[in-house]
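Comments concern the structure below.
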Amino acid sequence: MANLSAYRRVNQWAVFARQWWLFDAKQQDVFDSAQRVARYLHGRHKPIYDTEQDVGDHVVVINARHIAMPEDEWRYRMYFHHSHYSGGKKWTPAYELHQKDPNLVMYKAIYKAVGNVGLQRREIIARLHIYPDDKVPEHILENVSDHIRQLRPVHKSLEEYLPEDVKKFPKIFDYEEDYIKK
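Sequential numbering of the sequence shown, starting at 871, is according to this note's numbering.
Structure (structure tokens):
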């Protein structure tokens, strides 16, 4: 057995160690984001990925309250729940489910994207940490070593611009003094 130098040994440990990734879900499509997060949970982004081994990483998802869905998905996407009692079938629209628990729509999308991998699914989902806003406990943030790139650029709202920047922005036309909005 060849002796590894300290550098190569640490390099090898880093390859097999579980990394912690941060993903900001603000204004991101929930289904595309779920595919990206599932890739990191499985470990498919690593060169040592093997379908028989569990080499996935931890993923911390922030701003789950601010996710987006394409077109009318908020209204027409239905989630099923059964209470295990007679007549206990419930179909809930995505917007109602999101109002009750802002993490649940993101969780369900990632759970589906992880796929049916048998007994490993529970272990894979256990490495998923979802927060409704950007307030993450300090002991979790200490572990995060890198971030997952967002799928779409996040645009600033008008309230996020400084008043000086708004005044400098070119205007197409000015309203008259006696203009009344209807």
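Yeah, the Cβ is synthetic: ideal placement off N, Cα and C, and Gly gets one too.
Query, Result
"Own chain partners of residue 983 with C-beta closer than 6 Å, once the 5 adjacent residues on each side are dropped", "904, 905 and 908"
"Continuous alpha helix (DSSP H) assignments of at least 4 residues falling wholly in the region 876 to 900", "876 to 886"
"Limits of the beta strand (DSSP E) - the one that residue 960 falls within", "959 to 963"
"Neighbourhood of residue 882 by C-beta distance below 8 Å, restricted to the same chain and skipping five residues each side", "874"
"Run of the alpha helix (DSSP H) containing residue 976, from where it starts to where it stops", "974 to 984"
"Coarse secondary structure for residue 932, derived from DSSP in three states", "strand"
"Whether residue 891 touches residue 910 by CB criterion (7 Å)", "yes"
"Where residue 1028 sits in the DSSP three-state scheme", "helix"
"Same chain, Cβ closer than 7 Å to residue 971, neighbours up to 5 away in sequence not counted", "none"
"Alpha-carbon spacing of residue 987 relative to residue 919, whole angstroms", "15 Å"
"Environment of residue 958 [buried if 16+ CB atoms lie within 10 Å]", "exposed"
"Alpha-carbon to alpha-carbon, residue 956 and residue 985", "29 Å"
"Bridge-paired residues (DSSP) for residue 949", "962"
"Three-state class that DSSP yields for residue 915 in the structure shown", "coil"
"Burial state of residue 871, where buried means 16 or more other Cβ atoms lie within 10 Å", "Unreliable placement is indicated for residue 871, whose pLDDT of 48 sits below 50; no coordinate value is reported for it."
"Which of helix, strand or coil DSSP assigns to residue 871", "Reliability fails at residue 871, whose pLDDT of 48 lies under 50, so the model's placement of it is uncertain and the value that follows must be treated cautiously. Reduced to three states, the DSSP call for residue 871 is coil."
"Anticipated Cβ contact below 8 Å, residue 899 with residue 940, distance rounded", "6 Å"
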